[in-house]
Structure formats: C-alpha cells, structure tokens
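Visitor: Counting in the working numbering, the sequence shown runs from 30 upward without gaps. There's a structure below that I have some questions on.
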Amino acid sequence: MSEKKQTPSQTVGPFFSYGWTPQQYGYDHSDLVPGNLVKDGIQGEVITIQGIIYNGEGEEMKHAVVESWQADHAGKYTELVAKDKFSGFGRIGTGRGDDASYRIRTIKPGQVDEQQAPHITLTIFSRGLMHHAYTRLYFSDEVEANAKDPLLQSLPDDRRYTLIAQRMEGEDEVTYRFDIHMQGDGETVFLEF
30 MSEKKQTPSQ TVGPFFSYGW TPQQYGYDHS DLVPGNLVKD GIQGEVITIQ GIIYNGEGEE
90 MKHAVVESWQ ADHAGKYTEL VAKDKFSGFG RIGTGRGDDA SYRIRTIKPG QVDEQQAPHI
150 TLTIFSRGLM HHAYTRLYFS DEVEANAKDP LLQSLPDDRR YTLIAQRMEG EDEVTYRFDI
210 HMQGDGETVF LEF
C-alpha cells in the first residue's frame, strides 16, 4: 500500500471575498462568520480592533482575510454553535475601504488563566500566501498581565512590541490599533501550531 500524503496548501485568492466575507463586499448572500461579534445584551467592554496588513515591501495588502478567536469577557472560550451567546470567532477581509484596513468589532477578552494575559489569536490568509499565518494580539493597557505572559516573555524585547495592540480612545468606543507586517522591518511575530 502506498503512503498517503497531505494535500498541499494553496492560496485563498482571488475569490475569497465571494465565499468568505460576501456581505462586506456587497454580494447578496450572508457571511458564514461575521466580523462583528457584538450582539445585543452582550457582557463585557465593546471594542474595535483595527489595522492594516503590510507585505514585505511595506505596501497595504488589499486581498487578505483575518480570522479572530478569543475568550469572552470572563476568560472562557465558548462553543462556536452558541447562536445566542458570544462565539469568540470572527472573520473580516481587507481591501473594501480606501485604506485596506480590517475592523473587528468584539469585546475585550478576559484573562484565560493566571499566566496568560488577555489576548486574541489571529489567523491571516492572503493571495500569494501558501500557508496561513498565526499571531496573537495583546493589549497595551494590560501591562501587568503582559509582564507575566509566558509567550510574550519568551520573545526578545525588540520583537515583543509587534504583538501589542495600541489603545486609542474613540468617540463611541475603545479602538485598538494592530498593524500586521508579513515580512521585512518590524515583521510581526508569527506562531506555529
């Protein structure tokens, strides 16, 4: 019997917007996973994560998808099938606006355990990227928790900042800025799972 091999990866483009984030791009069918995770009556601090994904040349990537996965306000992960609760999972594309930014409306996650600082796991898919990339987003206003987080503390000081989203006070709600650099100067730290 011959040995079976894993199916090779392939890029998401050029039709990811039609299949993954159709409402964002004006198609007439609904998204499987929303970019707005906030529902009426949700508990926790409502926030927006906003940023731009840059390629190795420093250019904005207009053909990318960001998936987010996080705990709820109490630090608990919920089941994705919980329609009436906070799912913790979202998906949004880039390239719709003039600045090619992504915006995820969610709640600020709580601390999962005593060691891990509040964070959101992000997965990036894009045209030309053969394997999706994982990273984590931590919050600039969680200084004490960040100082104890084993993942953050395992990184050199000059790389740690690439995982810290900067808090910006908005008119209506708090926004955290998190730009992702796929390569080059200031490359975001990516993780392997």
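By construction, the Cβ of each residue, glycine as well, lies at the ideal position given by its N, Cα and C atoms. Quick caveat: nothing in here was measured; it's all calculated off a predicted structure.
With respect to the alpha helix (DSSP H) encompassing glutamate 173, which residues constitute its N-terminal and C-terminal limits?
Guide: Taking the sequence shown and counting its residues from 1, one reaches residue 173 at position 144. Run containing glutamate 173: 172 to 177, per the alpha helix (DSSP H) assignment.
Visitor: Where do the N-terminal and C-terminal ends of the beta strand (DSSP E) with arginine 165 fall, by residue?
Guide: Looking up residue 165 in the sequence shown gives position 136. Run containing arginine 165: 162 to 168, per the beta strand (DSSP E) assignment.
Visitor: Cα separation between glutamate 143 and alanine 176?
Guide: For the purposes of this step, residue 143 is identified with residue 114 of the sequence shown, where counting begins at 1. For the purposes of this step, residue 176 is identified with residue 147 of the sequence shown, where counting begins at 1. Rounded to the nearest angstrom, the two C-alpha atoms are 12 Å apart.
Visitor: For leucine 181, which of helix, strand or coil comes out of DSSP?
Guide: Indexing the sequence shown from 1 puts residue 181 at position 152. DSSP places leucine 181 in helix when its eight states are reduced to three.
Visitor: Express the C-alpha separation of proline 147 and phenylalanine 118 in angstroms, rounding to a whole number.
Guide: By one-based count along the sequence shown, residue 118 stands at place 89. By one-based count along the sequence shown, residue 147 stands at place 118. For phenylalanine 118 and proline 147, the distance between alpha carbons rounds to 15 Å.
Visitor: Taking only beta-carbon positions, decide if glutamine 35 is within less than 7 Å of chain D.
Guide: In the structure shown, chain D cannot be found, because there is only a single protein chain.
Visitor: Using only the alpha-carbon positions, how far apart do glutamine 212 and glycine 85 sit?
Guide: If you number the sequence shown from 1, residue 212 lands on position 183. If you number the sequence shown from 1, residue 85 lands on position 56. Near 4 Å, if we compare the C-alpha coordinates of glycine 85 and glutamine 212.
Visitor: Rounded to the nearest angstrom, what separates arginine 165 and lysine 33 at their Cα positions?
Guide: One-based indexing of the sequence shown puts residue 165 at position 136. One-based indexing of the sequence shown puts residue 33 at position 4. Between arginine 165 and lysine 33, the C-alpha separation is close to 33 Å.
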